[in-house]
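Participant: To convert, count from 1 in the first sequence and add 746; that's the numbering used here.
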Amino acid sequence: MLDIKVIRKNVDVVKQAMINRNKRKVDFDQLLKWDDERKFIINEIEKLRIRRNKESEKVGRLKMEGKEYSSDLLSAINEMRNTIQKQEKQLLITENKIRNFLLNLPNIPDESVPIGKDEKSNKIIRFVGNPRKFSFKPNHHFEIGERLGILDFTIASKISGSRFVVLKNEGCALERAIISFFLDVHKGRGYKEIMTPYLVNRTSMVGTGQLPKFEEEVFKCANDDLYLISTAEIPITNIYRDSILDESLLPQKIVSFSACFRREAGSYGRDAKGLIRNHQFNKIELVKFVAPKTSDEELEVLILEVGSVLELLELPYRVVLLSTGDMGFSSAKTYDLEVWFSGVSMYKEISSCSNFKDFQARRMNIKVKYKDKRKELLHTLNGSGLAVGRTFAAILENYQQEDGSVVIPKVLRKYTGFDIIKSC
RNA sequence: GGAGAGAUGGCUGAGUGGUUUAAGGCGAUAGUCUUGAAAACUAUUAUAGAGGAAACUCUAUCGGGGGUUCAAAUCCCUCUCUCUCCGCCA
747 MLDIKVIRKN VDVVKQAMIN RNKRKVDFDQ LLKWDDERKF IINEIEKLRI RRNKESEKVG
807 RLKMEGKEYS SDLLSAINEM RNTIQKQEKQ LLITENKIRN FLLNLPNIPD ESVPIGKDEK
867 SNKIIRFVGN PRKFSFKPNH HFEIGERLGI LDFTIASKIS GSRFVVLKNE GCALERAIIS
927 FFLDVHKGRG YKEIMTPYLV NRTSMVGTGQ LPKFEEEVFK CANDDLYLIS TAEIPITNIY
987 RDSILDESLL PQKIVSFSAC FRREAGSYGR DAKGLIRNHQ FNKIELVKFV APKTSDEELE
1047 VLILEVGSVL ELLELPYRVV LLSTGDMGFS SAKTYDLEVW FSGVSMYKEI SSCSNFKDFQ
1107 ARRMNIKVKY KDKRKELLHT LNGSGLAVGR TFAAILENYQ QEDGSVVIPK VLRKYTGFDI
1167 IKSC
């Protein structure tokens, strides 16, 4: 959420930012009109309340002294009360209009973000590692997995539907190995591990920005005010909702393993087969709560931390800076890490690292308190470290052998207990 | 699932309709005293909004929402959450 005071001061800057984000039809004049209305009503209400309180005290005093008070006085107070109540209702309506407007407004992109309407304007920052040269035609991960008997999409669609997977045999061990490996690496860098519920209430969903804008993206429980999390970012970031953190506690770095659930509405044909885009997938999420002045630097550190995991796995990847048109709703600046998939000869997203600045903190009311007692909204960042299913897929494609077997990356072997997966 | 008890500031805890401007305590911060520290003493110690150049003033907020009343932390309804007991249960 953006600050209406900031919008008021810099309407033109905010307007341009929205145009850069492909949101052209934002009526800021209407917003400011509502804000004027809000201030006017508040003024009227307060004037009346002062009078009402004074008159009411008068009644109290008279009664204490055992004196008479006129019924005219009471009816005058009653009338004031009715007027106040009427205006309070009007105020609520106006405030809700403003709030809805602001909740549906995306974050302002950072100045360093390339301006463009889609992913074509993204900027490739660097390549790390070189794709392996194959002496045979490399296969897709789902073909490899099914042939090895570690992935089963037929059973998954029987018990759940499309965009689900069942892991079997060494596949289960590999999935668990990846999870443990990621957690250990990040914990070694000072991240605190946490495990959270996968079902959260609506307030939490609004806090991180999934709602109200993206209702169709998330799974909702029909009979309860509960949603399946689409990322662990939601429960983790909400830990500190309505909190003031002392400066000395920052930065807070949290790592969490969770299953994630996404409806993937509107992505019908895309990545229909395999592990890339499923309704349920595992992910390790990194979240940082930082002092505002450090957030730019913390984002750069974050992509190094995430990238190093890929380097340890010896998977080639590249870092891409997303353009204004390709960024997520809440983000001010996002880098994607894209890993190489040999089966399709393409780099594909495996992690998205964002600086939200104070956008989420304002929705959630999370502040930092400095030594001099000054308080301000803090900054939040997060990144996948990494998506487990996509890592699984990347390993199959990049480590496949001509005979159909898959070699396990060296760093994972102590977790899996085996070096290679051969077809049975 | 059944029965009961609760929710008050950073924490603890009083407050059963009107000097409550939310007592007292703890903690924290600053000052006085001290060579330094402790102790003692003094002061400060919530959030949001409106107005103002500013000092500051005002309004609202006692888990959320609604109601009764001239007046609500206090009475009534309702929701959420916590605790205790019973039942069921991996």
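Glycine included, each C-beta is placed from N, C-alpha and C at the ideal position. None of the values given here were measured: they were computed from a predicted structure.
Mind listing, in chain order, the continuous beta strand (DSSP E) runs of no fewer than 3 residues lying wholly within the stretch 925-991?
Facilitator: Qualifying beta strand (DSSP E) stretches, in chain order: 938-940.
Participant: What whole-angstrom Cβ distance do V1001 and I1030 have, given they're in contact under 8 Å?
Facilitator: Reading the first sequence from its first residue, position 255 is the one you call residue 1001. Reading the first sequence from its first residue, position 284 is the one you call residue 1030. Indeed they touch by this definition, with Cβ atoms about 6 Å apart.
Participant: Just verifying my parser: in three-state terms, what is the DSSP assignment at K751?
Facilitator: Here residue 751 refers to the residue found at position 5 when the first sequence is read from its first residue. K751: helix per DSSP, three-state reduction.
Participant: Can you grab the Cα-Cα spacing for the pair A1011 / R797, in whole Å?
Facilitator: Within the first sequence, residue 1011 is the residue found at index 265, counting from 1. Within the first sequence, residue 797 is the residue found at index 51, counting from 1. Answer to the nearest angstrom: the Cα atoms are 55 Å apart.
Participant: Using the C-alpha atoms, what's the distance from K938 back to E979?
Facilitator: Residue numbering aside, residue 979 sits at position 233 when the first sequence is read from its first letter. Residue numbering aside, residue 938 sits at position 192 when the first sequence is read from its first letter. About 14 Å.
Participant: Mind checking whether T1126 and F1027 have CB atoms under 9 Å apart?
Facilitator: Taking the first sequence and counting its residues from 1, one reaches residue 1126 at position 380. Taking the first sequence and counting its residues from 1, one reaches residue 1027 at position 281. Cβ atoms of T1126 and F1027: not closer than 9 Å.
Participant: Going by beta-carbon coordinates alone, are M747 and L849 separated by less than 9 Å?
Facilitator: For the purposes of this step, residue 747 is identified with residue 1 of the first sequence, where counting begins at 1. For the purposes of this step, residue 849 is identified with residue 103 of the first sequence, where counting begins at 1. Contact flag set, yes.
Participant: Report yes or no: do the stretch 1077-1088 and the stretch 1097-1104 share at least 3 C-beta pairs separated by less than 8 Å?
Facilitator: A contact exists between the stretch 1077-1088 and the stretch 1097-1104.
Participant: Which class does M1073 belong to by DSSP, given the choice of helix, strand or coil?
Facilitator: In the first sequence, counting from the first residue as 1, residue 1073 sits at position 327. Coil at M1073, not helix or strand.
Participant: For a test of the three-state rule: what should DSSP assign to N1024, helix, strand or coil?
Facilitator: One-based indexing of the first sequence puts residue 1024 at position 278. Of the three classes helix, strand and coil, the one that applies to N1024 here is coil, per DSSP.
Participant: Apart from the five residues just before and just after G1135, which ones in its own chain have a Cβ nearer than 7 Å to its Cβ?
Facilitator: Within the first sequence, residue 1135 is the residue found at index 389, counting from 1. So the qualifying residues of the chain are L1021, N1024, F1027, N1028.
Participant: Helix, strand or coil for E1122? Go by DSSP, reduced to three states.
Facilitator: Residue mapping note: residue 1122 aligns to position 376 of the first sequence, counting from 1. Of the three classes helix, strand and coil, the one that applies to E1122 here is strand, per DSSP.
Participant: Ignore the nearest five residues each way along the sequence and tell me which others in E1084's own chain have a CB closer than 7 Å to its CB.
Facilitator: For the purposes of this step, residue 1084 is taken as residue 338 along the first sequence, with counting starting at 1. Answer for E1084: Y1063, R1064, V1066, Y1093, K1094, E1095, I1096, listed in chain order.
Participant: With burial defined as no fewer than 16 other Cβ atoms inside 10 Å of the residue's Cβ, what is the status of S816: buried or exposed?
Facilitator: Numbered from 1 along the first sequence, position 70 holds the residue referred to as residue 816. So S816 ends up on the exposed side.
Participant: Does the pairing of the stretch 884-893 with the stretch 1142-1155 give three or more beta-carbon distances under 8 Å?
Facilitator: They touch, by the three-pair rule.
Participant: Closer than 8 Å is the cut-off here; do at least three beta carbon pairs connect the stretch 836-845 with the stretch 946-965?
Facilitator: No, the stretch 836-845 does not touch the stretch 946-965.
Participant: I'd like to know whether the C-beta atoms of V1052 and L1032 end up nearer to each other than 9 Å.
Facilitator: Along the first sequence, one-based indexing puts residue 1052 at 306. Along the first sequence, one-based indexing puts residue 1032 at 286. Yes, Cβ-Cβ distance for V1052 and L1032 is below 9 Å.
Participant: What are the start and end residues of the beta strand (DSSP E) that includes S1041?
Facilitator: The count along the first sequence starts at 1 and reaches residue 1041 at position 295. That residue, S1041, is in no beta strand (DSSP E); its alpha helix (DSSP H) goes 1041-1058.
Participant: How would you write the range of the alpha helix (DSSP H) that E1095 sits in, first residue to last?
Facilitator: Along the first sequence, read from residue 1 onward, the residue named residue 1095 stands at position 349. Where E1095 is concerned, there is no enclosing alpha helix (DSSP H), although the beta strand (DSSP E) it sits in stretches over 1092-1103.
Participant: Using 8 Å as the threshold, is the stretch 990-1006 in touch with the stretch 926-944, meaning 3 or more CB pairs across them?
Facilitator: The stretch 990-1006 is in contact with the stretch 926-944.
Participant: Applying the 10 Å Cβ sphere with the 16-neighbour rule, what's the burial state of L894?
Facilitator: Your numbering for residue 894 matches position 148 in the first sequence. The residue in question, L894, is buried, as its Cβ has 16 or more Cβ neighbours within 10 Å.
Participant: When you compare only the Cα positions, how much space is there between L945 and K1115?
Facilitator: By one-based count along the first sequence, residue 945 stands at place 199. By one-based count along the first sequence, residue 1115 stands at place 369. Roughly 31 Å separates the two Cα atoms.
Participant: I believe L1124 touches I1141 by the beta-carbon criterion, under 8 Å. Please report the beta-carbon distance rounded to the nearest angstrom.
Facilitator: Locating residue 1124 in the first sequence gives position 378, where the first residue counts as 1. Locating residue 1141 in the first sequence gives position 395, where the first residue counts as 1. About 36 Å; that fails the 8 Å criterion.
Participant: Mind checking whether the beta-carbon of E1010 lies closer than 8 Å to any heavy atom of the ligand HEM?
Facilitator: What this structure holds is no ligand at all, so the ligand HEM is not there to describe.
Participant: Report buried or exposed for E1043, applying the criterion of at least 16 other Cβ atoms within 10 angstroms of its Cβ.
Facilitator: Working through the first sequence from its first residue, we reach residue 1043 at position 297. So E1043 counts as exposed.
Participant: Inspect the CB distances between the stretch 851-864 and the stretch 781-801 and report whether three or more fall short of 8 Å.
Facilitator: Output reads no: the stretch 781-801 does not touch the stretch 851-864.
Participant: Within the continuous alpha helix (DSSP H) that includes I896, where are the two ends?
Facilitator: On the first sequence, residue 896 is found 150 positions in, with the first residue counted as 1. No alpha helix (DSSP H) contains I896, which DSSP labels as neither H nor E.
Participant: Using the three-state DSSP reduction, which class does A1139 fall into: helix, strand or coil?
Facilitator: In the first sequence, the residue the question calls residue 1139 occupies position 393. Helix.
Participant: Whole angstroms is fine: what's the gap from L1056's alpha carbon to R1159's?
Facilitator: Within the first sequence, numbered from 1, the residue matching residue 1056 stands at position 310. Within the first sequence, numbered from 1, the residue matching residue 1159 stands at position 413. Roughly 15 Å separates the two Cα atoms.
Participant: With DSSP collapsed to three states, give me the class of S821.
Facilitator: The count along the first sequence starts at 1 and reaches residue 821 at position 75. Helix at S821.
Participant: Going by DSSP, what residue range makes up the beta strand (DSSP E) through S1004?
Facilitator: One-based indexing of the first sequence puts residue 1004 at position 258. Per DSSP, S1004 belongs to the beta strand (DSSP E) from 998-1007.
Participant: CA-CA distance, G953 and I896?
Facilitator: In the first sequence, counting from the first residue as 1, residue 953 sits at position 207. In the first sequence, counting from the first residue as 1, residue 896 sits at position 150. Between G953 and I896, the C-alpha separation is close to 38 Å.
Participant: Since F899 and V911 should fall inside the 8 Å C-beta cutoff, what is the C-beta to C-beta distance between them, to a whole number of angstroms?
Facilitator: The count along the first sequence starts at 1 and reaches residue 899 at position 153. The count along the first sequence starts at 1 and reaches residue 911 at position 165. Indeed, because the Cβ distance is near 6 Å, the residues count as touching under 8 Å.
Participant: I'd like to confirm the pairing. Which residues does DSSP put opposite Q1146 in its beta bridges?
Facilitator: Walking along the first sequence from the start, residue 1146 turns up at place 400. Answer is V1152, bridged to Q1146.
Participant: Is E1084 helix, strand or coil by DSSP?
Facilitator: Counting from 1 along the first sequence, the entry for residue 1084 is found at position 338. Note: E1084 maps to strand in three-state DSSP.
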